[in-house]
Amino acid sequence: MKPTEKIWHNGRFMDWHDAKIHVLSHVVSYGSSVFEGIRCYSTPSGPAIFRLPEHIRRMVDSAKIYRIDNVGYTREELCNAIVELVRVNRMTSCYIRPIVLRGYGEMGVNGTRNPLDVYLACWEWGQYLGEEALAEGVDVCVSSWTRIAPNTLPALSKAGANYMNSQLIKMEAVANGYSEGIALDAAGYVSEGSGENIFVVRDGKILTPALGASVLPGITRDTVIKLAGDLGIPVVEAIVPRELLYIADEVFFSGTAAEITPIRSVDRITIGKGRRGPVAEALQKEFFAIVNGTKRDRYGWLSLVETPQPVA
């Protein structure tokens with residue numbers, strides 16, 4: 119990771135290397151954090167943050183599920199702080215990580231009396247699954263680890279603790295020579311990747327697991343559904359059996375980090391022609407045209423950042 123200059127903490131900027139927490143902060147022992155991953159893209163009008171209000175709304179919702187009714191800042195204040203974060207770090211494109219965590223105070227499982235810390239950071243980050251993956255696709259496996267079950271951990275909350283489950287899925291996949299793993303839900307149906315939602319194309323129709331399948335309500339997932347509608351491609355949220363992956367015409371991931379990444383094989387079974395299919399390609403073309411500013415932002419998804427101009 120390449121450090122940037124400043125990180126925002128509880129209303130003020132600090133140097134990157136000064137952003138530290140105590141080892142006995144509640145979050146260290148108990149995983150009590152919620153967070154977001156947001157992308158800022160370079161456009162002809164300058165850096166633009168993709169779907170910033172939606173990401174911040176989801177983070178505030180995630181916090182509320184864990185009985186954090188007030189993170190200390192309004193959603194508008196957090197959005198404005200993130201825009202300023204990108205500006206002061208003079209980024210043209212970047213990945214943004216807002217975090218709300220329970221900090222240093224009392225020890226014990228109940229962290230409701232611990233102070234809250236809010237951090238906003240950004241840094242350079244390219245394609246999560248590799249540059250070539252956008253065209254060639256990735257090889258994935260169905261994980262032996264089940265996605266968190268309903269009424270255990272809340273999948274609708276993007277909470278740090280949930281990602282222990284994701285780490286097991288990802289580490290197992292990498293150890294076995296795959297780029298990523300796909301988890302099944304507690305009923306044995308397709309849920310999602312370790313950090314991505316999943317879409318299956320069959321006979322011109324897109325299927326994606328419903329939120330009840332222990333799925334995070336992805337911002338890029340919602341984007342794909344809207345763009346598919348614009349392209350006249352029907353999308354159905356449904357139960358997706360594991361074996362449908364093997365006989366699909368296309369399968370692809372979506373996510374802030376993964377963007378829209380095709381899957382070329384599952385469990386070493388080739389999907390379609392073994393590379394990006396026409397549906398994923400059409401969605402990529404539309405997605406990148408909007409986020410890169412070469413096509414009209416018809417949904418108002420981009421928050422432009424006015425970068426400081428050099429002094430003459």
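In terms of the numbering used here, the sequence shown opens at residue 119 and continues consecutively.
Every residue gets a Cβ at the ideal spot worked out from N, C-alpha and C, and that includes glycine.
For clarity, every value in this text was computed on a predicted model and none was experimentally measured.
Query: For the segment 301–357, which segments carrying the beta strand (DSSP E) assignment without a break, of at least 3 residues, lie completely within its bounds, in sequence order?; Result: 308–311, 315–320, 323–327, 353–356
Query: Roughly how many angstroms lie between the CA atoms of F317 and L196, to the nearest whole one?; Result: 31 Å
Query: Excluding the 5 residues preceding and the 5 following L325 in the sequence, name in chain order all residues of the same chain whose CB lies nearer than 6 Å to its CB.; Result: V318, V354, A356, V358
Query: Would you grab the beta carbon distance between S236 and V218 for me? Rounded to a whole angstrom, and I think it's under 8 Å.; Result: At residue 236 the sequence reads Val, which differs from the Ser that was named. About 5 Å separates the two Cβ atoms, so the contact holds.
Query: Give a yes or no on whether the C-beta atoms belonging to V384 and V258 are separated by under 8 Å.; Result: yes
Query: For N315, which residues in the same chain have their Cβ closer than 6 Å to its Cβ, ignoring the five residues on either side in sequence?; Result: G336, R339, S372
Query: Hey, quick one: how far does the beta strand (DSSP E) through D257 stretch, first residue to last?; Result: 256–260
Query: Mark A277 as exposed unless 16 or more other C-beta atoms lie within 10 angstroms of its C-beta, in which case mark it buried.; Result: buried
Query: Please name the residue in R416, I381, S180 whose C-alpha comes closest to that of Y364.; Result: I381
Query: With K124 as the anchor, note down where its alpha helix (DSSP H) starts and where it stops.; Result: That residue, K124, is in no alpha helix (DSSP H); its beta strand (DSSP E) goes 124–127.
Query: Could you please give the first and the last residue of the uninterrupted beta strand (DSSP E) stretch that includes Y237?; Result: 234–241
Query: Does the distance from the CB of G223 to the CB of R231 come in under 8 Å?; Result: yes
Query: Can you tell me which of P272, R208, N283 puts its alpha carbon nearest to the alpha carbon of W263?; Result: N283
Query: Based on Cα-Cα distance, which residue from S261, A400, A267 lies nearest to N280?; Result: A267
Query: Considering Cα atoms alone, identify which of K124, G392, V409 is closest to W241.; Result: K124
Query: Taking D133 as part of the beta strand (DSSP E), name the residues at either end of that continuous run.; Result: 130–133
Query: How would you call S261, buried or exposed, if buried means at least 16 neighbouring beta carbons within 10 angstroms?; Result: buried
Query: Rounding to the nearest angstrom, what Cα-Cα distance links Q431 and L334 in this structure?; Result: Summary: the structure shown does not reach residue 431, with the chain confined to residues 119 through 430, and so no result is reported for it.
Query: L349: buried (16+ other C-beta within 10 angstroms of its C-beta) or exposed?; Result: exposed
Query: Which value, in whole angstroms, describes the spacing of the CA atoms of G411 and I300?; Result: 32 Å
Query: If you reduce the DSSP assignment to three classes, tell me which class R169 lands in.; Result: coil
Query: Under three-state DSSP, which class holds G418?; Result: coil
Query: Can you pull the DSSP bridge partners for C158?; Result: I167, C212
Query: What number of angstroms, rounded off, separates the C-alpha of W243 from the C-alpha of V141?; Result: 27 Å
Query: Counting only the same chain and skipping the five closest in sequence on each side, list residues whose C-beta sits under 6 Å from that of L286.; Result: W263
Query: Is S431 helix, strand or coil by DSSP?; Result: No statement about residue 431 is possible, as the shown extent of the chain runs from 119 to 430 and does not include it.
Query: Could you tell me whether the Cβ atoms of I174 and R157 are closer together than 8 Å?; Result: no
Query: Can you list, in chain order, the residues of its chain whose CB lies under 7 Å from that of A400, leaving out five sequence neighbours each side?; Result: L349
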